[in-house]
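K.L.:
Here the numbering used here = 1-based position in the sequence shown + 1. Sending over a structure as structure tokens; questions will come in a sec.
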Amino acid sequence: VSGDRRRLLDALFGEVQAGGPARQAGTRGRGPAVADVEHERRWHGGPTYIAVVDRLRALAELGDDVIECRACPRLVAWREQVAVEKRAAYRDQDYWGRPVPGFGDPGARILIVGLAPAAHGANRTGRVFTGDRSGDFLFAALYRAGLANQPGSDHVDDGLELTDVFITAPVKCAPPANKPTGEERSACRPFFVREVGALADVKVIVVLGQIGYVAAAAEFGLSPRPKFGHGVEAPLSDGRTLLCSFHVSQQNTFTGRLTEQMFDAVLDRARVLAGA
2 VSGDRRRLLD ALFGEVQAGG PARQAGTRGR GPAVADVEHE RRWHGGPTYI
52 AVVDRLRALA ELGDDVIECR ACPRLVAWRE QVAVEKRAAY RDQDYWGRPV
102 PGFGDPGARI LIVGLAPAAH GANRTGRVFT GDRSGDFLFA ALYRAGLANQ
152 PGSDHVDDGL ELTDVFITAP VKCAPPANKP TGEERSACRP FFVREVGALA
202 DVKVIVVLGQ IGYVAAAAEF GLSPRPKFGH GVEAPLSDGR TLLCSFHVSQ
252 QNTFTGRLTE QMFDAVLDRA RVLAGA
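What follows is the structure in structure tokens.
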């Protein structure tokens with residue numbers, strides 16, 4: 002077992018001997034998983050304990066493979082260049098500078114799909130949507146919806162926990178100008194496929210932006226694909242629902258194209274569809 006995999010497994014199973022399912026699948030092998038038999042999360046009628054452990058193991062192994070990936074030379078060069086040059090505000094911080102796995106509740110019924118890590122956000126902190134303005138908007142909304150235990154997230158050790166939500170991106174490395182190429186999206190697709198496959202309880206997929214929508218629609222076999230738009234719902238053949246939202250980027254939130262009320266409505270609808 003590699004060092005990174007061991008750290009991920011330790012994080013996921015560090016408290017599992019307490020007798021309950023580990024609650025969070027984290028990133029960077031940091032932030033201990035919580036196994037709390039008294040926790041209010043519903044497990045009755047859900048996956049068995051063994052199934053949950055298997056799911057956590059699959060996510061841990063996937064995380065190891067993700068963070069070791071160097072398949073796309075352009076993305077590798079960019080993420081590592083950013084990690085060395087840094088933004089002035091973060092010059093004293095150690096950047097992660099590697100691919101970023103998904104994060105959240107392994108028993109999630111709601112999957113949120115973004116685009117890719119931000120150069121000075123997740124590429125710095127090592128956790129999706131952590132440490133940037135997009136994450137500020139997203140986690141505040143999840144907190145209002147009762148799906149997160151705190152309204153913000155600055156770093157991987159800040160205590161953030163998600164309930165019934167898992168967050169990921171179809172591209173695991175920060176791309177230049179936030180625009181991965183088609184070839185780069187294709188290279189990352191096997192990771193996305195494995196991630197989706199491990200999250201067996203998902204009933205609603207909330208896609209943030211056009212690229213996330215295209216990736217999710219392809220993965221879940223949505224054809225014909227309705228035109229993307231905020232609040233658009235697309236039922237899938239397996240009974241799940243694809244739910245669209247404008248991306249939570251500051252280009253949308255600062256201009257008013259996406260307001261708190263608009264995004265709250267999407268999350269409220271996701272909770273209804275998921276039975277969360």
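C-beta atoms are modelled at their ideal positions from N, C-alpha and C, and glycine is treated no differently. In this text the structure is predicted, and so the values were computed from the model without any measurement.
#1: Give me the Cα-Cα distance between ARG56 and GLY115, rounded to the nearest whole angstrom.
#2: Tell me the rounded alpha-carbon separation between ILE168 and ALA141.
#3: Taking three-plus beta-carbon pairs below 8 Å as touching, is the region 128-144 in contact with the region 68-78?
#4: Might you give, ordered along the chain, the residues of its own chain that have their beta carbon closer than 7 Å to the beta carbon of GLU220, omitting 5 neighbours on each side?
#5: Going by alpha carbons, who is nearest to ALA84 out of GLN251, ALA61, ALA123, CYS245?
#6: Considering only the alpha carbon of each residue, which of THR242, ARG145, VAL172, HIS121 lies closest to LEU163?
#7: Can you tell me whether ARG64 is buried or exposed? The criterion is at least 16 other CB atoms within 10 Å of its CB, across all chains shown.
#8: Nearest to ASN179 by CA position, among GLU234, GLY103, ILE212, ASP165, is which residue?
#9: From what residue to what residue does the alpha helix (DSSP H) around LEU76 run?
#10: Pick from VAL54, ALA217, GLY160: whose alpha carbon is nearest that of VAL172?
#11: Along the chain, which unbroken stretches of the beta strand (DSSP E) at least 3 residues long are found entirely within the region 162-239?
#12: Going by DSSP in three states, PHE130 sits in which element: helix, strand or coil?
#13: Would you kindly report the start and end of the unbroken alpha helix (DSSP H) that includes VAL273?
#14: Out of THR182, ARG258, GLY232, point me to the one whose CA is closest to ILE206's CA.
#15: Using the three-state DSSP reduction, which class does SER250 fall into: helix, strand or coil?
#16: Among residues of its own chain, excluding the 5 on either side of MET263, which ones have a beta-carbon nearer than 7 Å to its beta-carbon?
#17: What number of angstroms, rounded off, separates the C-alpha of PRO176 from the C-alpha of ARG241?
#18: Would you call GLU185 buried or exposed, if buried means 16 or more other Cβ atoms sit within 10 Å of its Cβ?
#19: Below 6 Å CB to CB, which residues in the same chain sit around ALA275 once its five sequence neighbours on both sides are set aside?
#20: Going by Cα to Cα distance, which pick from CYS245, PRO225, TRP97, ALA199 is closest to GLU234?
#21: Is the beta carbon of GLN251 sitting closer than 8 Å to the one on ARG80?
#22: Where do the ends of the beta strand (DSSP E) carrying LEU112 lie?
#23: So what does DSSP say about PHE138, is it helix, strand or coil?
#24: Report, in whole angstroms, the separation of the C-beta atoms of ALA285 and CYS174, which I expect to be a contact under 8 Å.
#25: Between LEU259, ALA149, PHE138, ALA89, which lies nearest to PHE104 when the distance is taken from Cα to Cα?
#26: Exposed or buried, which one is ARG99 when buried takes at least 16 other CB atoms within 10 Å?
P.N.:
Taking the definition as stated:
#1: On the sequence shown, position 55 is the one that residue 56 refers to. On the sequence shown, position 114 is the one that residue 115 refers to. The straight-line gap from Cα to Cα measures roughly 22 Å.
#2: Against the sequence shown, residue 168 aligns to sequence position 167. Against the sequence shown, residue 141 aligns to sequence position 140. Computed Cα separation, rounded: 14 Å.
#3: no
#4: Translated into positions along the sequence shown, residue 220 becomes position 219. PHE193, VAL194, VAL197.
#5: Residue 84 sits at position 83 when you count from the first residue of the sequence shown. Among GLN251, ALA61, ALA123, CYS245, the Cα nearest to that of ALA84 is on ALA123.
#6: Position 162 of the sequence shown, counted from the start, is the residue given in the question as residue 163. Ranking the options by Cα distance to LEU163, first place goes to ARG145.
#7: If you number the sequence shown from 1, residue 64 lands on position 63. Per the sequence shown, the amino acid found at residue 64 is Gly instead of Arg. Under this definition GLY64 is a buried residue.
#8: Translated into the one-based positions of the sequence shown, residue 179 becomes position 178. Closest by alpha carbon: ILE212.
#9: The residue given as residue 76 occupies position 75 in the sequence shown. Here the alpha helix (DSSP H) through LEU76 covers 74-86.
#10: Taking the sequence shown and counting its residues from 1, one reaches residue 172 at position 171. Of the candidates VAL54, ALA217, GLY160, the one whose C-alpha sits nearest the C-alpha of VAL172 is ALA217.
#11: 166-169, 205-209, 234-236
#12: For the purposes of this step, residue 130 is taken as the residue at position 129 of the sequence shown. Note: PHE130 maps to coil in three-state DSSP.
#13: As a position in the sequence shown, residue 273 is number 272, starting the count at 1. Residues 261-275.
#14: The count along the sequence shown starts at 1 and reaches residue 206 at position 205. When only C-alpha atoms are compared, the closest one is GLY232.
#15: Walking along the sequence shown from the start, residue 250 turns up at place 249. The answer is coil: DSSP assigns SER250 none of H, G, I, E or B.
#16: To locate residue 263, count along the sequence shown from 1; it is residue 262. Only HIS231 meet the Cβ criterion.
#17: Here residue 176 refers to the residue found at position 175 of the sequence shown. Here residue 241 refers to the residue found at position 240 of the sequence shown. Computed Cα separation, rounded: 30 Å.
#18: For the purposes of this step, residue 185 is taken as the residue at position 184 of the sequence shown. Buried.
#19: Walking along the sequence shown from the start, residue 275 turns up at place 274. Contacts found: ARG110, ILE111, LYS204, VAL205.
#20: Numbered from 1 along the sequence shown, position 233 holds the residue referred to as residue 234. The shortest Cα separation from GLU234 among CYS245, PRO225, TRP97, ALA199 belongs to CYS245.
#21: Walking along the sequence shown from the start, residue 251 turns up at place 250. Walking along the sequence shown from the start, residue 80 turns up at place 79. In this structure, ARG80 does not lie closer than 8 Å to GLN251 by Cβ.
#22: Translated into the one-based positions of the sequence shown, residue 112 becomes position 111. Start and end: 111-114.
#23: Walking along the sequence shown from the start, residue 138 turns up at place 137. Three-state DSSP puts PHE138 in a helix.
#24: Lying outside 2 to 277, the shown extent of the chain, residue 285 is not represented and no answer is given.
#25: Here residue 104 is taken as the residue at index 103 of the sequence shown, counted from 1. PHE104 has its Cα closest to that of ALA149, out of LEU259, ALA149, PHE138, ALA89.
#26: Sequence index remark: in the sequence shown, residue 99 carries index 98 (1-based). Looking at its Cβ environment, which holds 16 or more other Cβ atoms inside 10 Å, ARG99 is buried.
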